[in-house]
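Q: Sharing a structure with you now.
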């Protein structure tokens, strides 16, 4: 009996992850409210200065997406026990397909995360409107893919370690710098009406590079996690 | 003479040459004596990039060839790279204060990317410390060694991507806008630092190897299989305690 | 590795093209993180009084004046000149003729700044009027 | 039938870091038979089972499964023919028992319809919509045996299979082993209790000091 193809496997993994999330509601009930609280606290911390709050709004949104969104990508370590991973290996699972499946699920959840917090940021911070804002939707998309890739890689690298709860964020936060730079540069370019091509291409290059590394190293990480 | 001594002595010689050129080179018309910080700052940054490139290559080689020597090289190179990244950051701050008027500029992409590069590789060393099994440690840190390298070209090219206070790419361009003698002094110091790197690498990998052998010896003494370490519980005593 | 070649090779190709393109692009134009006086004047409408931005240009010879709490000078890019009123001590290397970047906002026709840094470009040149290249100039 | 063994270990050693767990293990698992390996806690039984399952590459020695020597590139098709029932149930706690089995069946290329049939076979027809986290250890184990019946492995590896099971579930274990053997496959038990598995196995070994000794305490 041959199992499903690469994409079939990735689909099954992603579907399973989404279903587990649907049951536990970790992202919807915990991570999103947590991020929303952060968005509420920041203006209090920097003082009630309306123009200032409006100008930091987009930046704060990216930071909150990065710091809280990465929690979304660390969900796996709790549900994927060693027994579950071993079972999947013995079912003929391709580790790269598993990686793709996990990243896809995290990507969808991060889109939900951004989809809730982005309107909230606009309402709370009232940032200056920029022309060509539909481009920001592309940036949101690329940010979600990139963060899902980095987070999944980092949780693979640190899975099962005692220090993983602190180590994984330490790895993710600096590594997502290119995403942050790309995202904030795009916004800046839009507000100054200069070329957005360079930051967008930077995001695309980073996402592609991470995907290549993730797919090629999945097998080794799988082997080193048992 | 062993390898370490030859490397160490040649490092001393090239450092002396670098110091000579550095002290003889003319000063930049604007920066004056502060030009000379460049002869430490630029080679340090170069070594940081070089070390992490070596780590990248060694990490890939570990994953494909499975020889422990590649893991030792990867780890040693990160330790040295982290040191020189810190040195580049610190000399940069010392240089930046009189020249730009600030130790740290939040708008400068080169500073930010380099600082975050530093933290990722600090994380690399932290990761190694939290995995006891050598093979697992080598594999996982190899993956991180590959992923973390993303920040290296980003840091180098950041002056191109983002609006920054740092000067653009100076040396590696066809119409290099740098005075010939300043360039000579800079390149001789880059060369000297590279020999220092090789010396450090030779010593650090030897230390890593020695540590492994030491562990091996202590393991040979304590070669009881895991299960045989357990003896029968003293039931009589347990009842009476 | 051959299993994923269909994805890995095009992806790596795309990355190489993007990076090469970015390098090519930036060697041509100089990316800076400030507006030149010319840009600042052209985009005057986008930056109302009080709206902060960064402005960079050459400090005009003969324009530098020390004030009680800072300096006043004029920056120019050849096309336009803008008068700067800066509050705070300037960095040590700040003098006439250097490139400077200030951060602040328009106030009518003057630019009021509270951050001032000296921008050094990638030109490393010995003083032009030096007789002997090894002769170290004494710091004034 | 003395054909070539399904699994063969030659001079296998495993070390975790510097701690030796297994030393020069020689073992043959013949087709159509059940093999029992006894040993006290911490003697390396689970490690040995992972080597047999190709999940753990030994530090030294050669492992050959189904006549294929295990190298760096382990063929996925070989792993599909192995099933491991470990200490911990391999289930997702948030999913129902049925969903867990559906996940397995789809990953292994079996149709979803057979899942209900399997759950019926192991006596879980009435509890299949319960989440794994709300099910008892025995129920979770039954799902795992349903998985084994569904995927039809040629090599079944059981780690303390009878531990914590009631009489019915224990008999289910026996029946599943019988099923694998009757198809010409092999089963390997590891346990610290010889008594429960003795009636099921054709040969026993004992793990002492990291090495495998034939015969055991039969």
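Chains as they are written, first to last, in the numbering used here: chain A, 1044 to 1269; chain B, 674 to 914; chain C, 1150 to 1289; chain D, 8 to 225. Ideal Cβ placement from N, Cα and C applies to all residues, glycine included. Bear in mind that the values here come from a model prediction, so they are computed numbers and not experimental data.
Using beta carbons (cut-off 8 Å, strictly below), is residue 1197 of chain C in contact with chain B?
A: So, not an interface residue.
Q: Which of the three DSSP states is assigned to residue 1268 of chain C in this structure?
A: It is a strand residue.
Q: So what does DSSP say about residue 1232 of chain C, is it helix, strand or coil?
A: Residue 1232 of chain C: strand per DSSP, three-state reduction.
Q: Shortest alpha-carbon distance to residue 1140 of chain A belongs to which of A:1269, A:1268 and A:1260?
A: The option with the nearest alpha carbon to residue 1140 of chain A is A:1260.
Q: Any beta carbon of chain B sitting closer than 8 Å to that of residue 1254 of chain C?
A: It does not: the Cβ of residue 1254 of chain C has no partner Cβ on chain B nearer than 8 Å.
Q: Contact check, residue 193 of chain D vs residue 157 of chain D under 8 Å by CB: the rounded distance?
A: So it is not a contact: roughly 19 Å between Cβ atoms.
Q: Which residues mark the beginning and the end of the alpha helix (DSSP H) in which residue 1211 of chain A is found?
A: Start and end: 1207-1218.
Q: Along the region 1238-1262 of chain A, what residues have a CB closer than 8 Å to any CB found in chain C?
A: Listed by position, the residues of the region 1238-1262 of chain A near chain C (Cβ gap below 8 Å) are 1241, 1244, 1245, 1247, 1248, 1251, 1252, 1254, 1255, 1258 and 1259.
Q: List, in order along the chain, the chain C residues whose C-beta lies closer than 8 Å to that of residue 1139 of chain A?
A: Ordered by position in chain C, the residues that pass the 8 Å Cβ test against residue 1139 of chain A are 1152 and 1153.
Q: Can you tell me the Cα-Cα spacing of residue 1181 of chain C and residue 1046 of chain A, whole angstroms?
A: Bear in mind that a pLDDT of 47 at residue 1181 of chain C, under 50, signals an unreliable position, so the number given afterwards is only what the model happens to contain. Their backbone Cα atoms lie some 55 Å apart in a straight line.
Q: Secondary structure at residue 1268 of chain A, three-state DSSP: helix, strand or coil?
A: Three-state result, residue 1268 of chain A: coil.
Q: For residue 1104 of chain A, write down the residues that DSSP places opposite it in a beta bridge.
A: None; residue 1104 of chain A has no bridge partner.
Q: Using 8 Å as the threshold, is the C-beta distance between residue 1163 of chain A and residue 1088 of chain A below it?
A: Contact: no.
Q: Given a threshold of 16 other Cβ atoms within 10 Å of its Cβ, counted over all protein chains shown, does residue 749 of chain B qualify as buried or as exposed?
A: The residue is buried, with at least 16 neighbouring Cβ atoms inside 10 Å.
Q: Taking residue 114 of chain D as the query, report the chain A residues whose CB atoms sit under 8 Å from its CB, ordered along the chain.
A: Result: 1046, 1047, 1052, 1055, 1131, 1134, 1135 and 1136.
Q: Cβ of residue 59 of chain D within 8 Å of Cβ of residue 14 of chain D?
A: Closer than 8 Å, so yes.
Q: Who are the near neighbours of residue 1085 of chain A in its chain, counting only those whose CB is closer than 6 Å to its CB and skipping five residues on each side?
A: Same-chain partners within the cutoff: 1103.
Q: Would residue 104 of chain D pass as a contact of residue 132 of chain D if the rule is Cβ separation under 8 Å?
A: No; because the gap between Cβ atoms is not below 8 Å, this pair is not in contact.
Q: In chain F, which residues lie with their C-beta within 7 Å of the C-beta of residue 1241 of chain C?
A: This model lacks chain F altogether, as its protein chains are A, B, C and D.
Q: Tell me where the beta strand (DSSP E) around residue 18 of chain D begins and ends.
A: Residue 18 of chain D -> beta strand (DSSP E) spans 14-23.
Q: Which residues of chain A have a Cβ atom closer than 8 Å to the Cβ of residue 792 of chain B, listed in chain order?
A: Those are 1213, 1216 and 1217, listed as they occur along chain A.
Q: Got a sec? Which residues, its chain only, sit under 6 Å from residue 698 of chain B by beta carbon, not counting five neighbours each side?
A: 854, 855 and 858, listed in sequence order.
Q: Return the CA-CA distance between residue 1242 of chain C and residue 1170 of chain A, expressed in angstroms with no decimal places.
A: Distance between the alpha carbons of residue 1242 of chain C and residue 1170 of chain A is about 38 Å.
Q: Could you tell me which of B:728, B:759 and B:806 sits nearest to residue 976 of chain B, measuring between CA atoms?
A: Nothing about residue 976 of chain B can be reported from this structure: the residues present for chain B run from 674 to 914 only.
Q: Identify, in the order they occur along the chain, each residue of the same chain with its Cβ nearer than 7 Å to the Cβ of residue 76 of chain D, setting aside the five sequence neighbours on each side.
A: So the qualifying residues of the chain are 69.
Q: By how many angstroms is the C-alpha of residue 1124 of chain A removed from the C-alpha of residue 112 of chain D?
A: Rounded to whole angstroms, residue 112 of chain D to residue 1124 of chain A spans 19 Å at the Cα level.
Q: Could you check whether the Cβ of residue 1085 of chain A sits closer than 8 Å to any Cβ belonging to chain B?
A: Chain B contact via Cβ: absent.
Q: Are the region 164-183 of chain D and the region 91-105 of chain D touching, with three or more C-beta to C-beta distances below 8 Å?
A: The region 164-183 of chain D is in contact with the region 91-105 of chain D.
Q: Check the Cβ-Cβ distances between residue 775 of chain B and every residue of chain C, and say whether any is below 8 Å.
A: Chain C, which has a Cβ nearer than 8 Å to the Cβ of residue 775 of chain B, makes this yes.
Q: Does the Cβ of residue 1159 of chain C have 16 or more other Cβ atoms within 10 Å, making it buried, or fewer, making it exposed?
A: By the 10 Å Cβ count, residue 1159 of chain C comes out exposed.
Q: Give the single residue among A:1077, A:1239, A:1251 and A:1244 whose Cα lies nearest to the Cα of residue 1174 of chain A.
A: Here the closest residue by C-alpha is A:1239.
Q: Three or more C-beta pairs closer than 8 Å, one from the region 1223-1242 of chain C and one from the region 1252-1268 of chain C: is that the case here?
A: At 8 Å Cβ cutoff, the stretches touch.
Q: Use the C-beta contact count for residue 1092 of chain A: other C-beta atoms within 10 angstroms, 16 or more gives buried, fewer gives exposed.
A: Classification of residue 1092 of chain A: exposed, given that the 10 Å Cβ count is below 16.
Q: Whole angstroms are fine: how far does the CA of residue 678 of chain B sit from the CA of residue 685 of chain B?
A: Straight-line Cα distance between these residues: approximately 11 Å.
Q: Let me confirm a value: residue 1132 of chain A is counted as buried when at least 16 other C-beta atoms fall within 10 Å, else exposed. Which label applies?
A: Buried: at least 16 other Cβ atoms inside 10 Å.
Q: Tell me, which residues are paired with residue 1193 of chain A by DSSP?
A: Bridge partners of residue 1193 of chain A: none, in fact.
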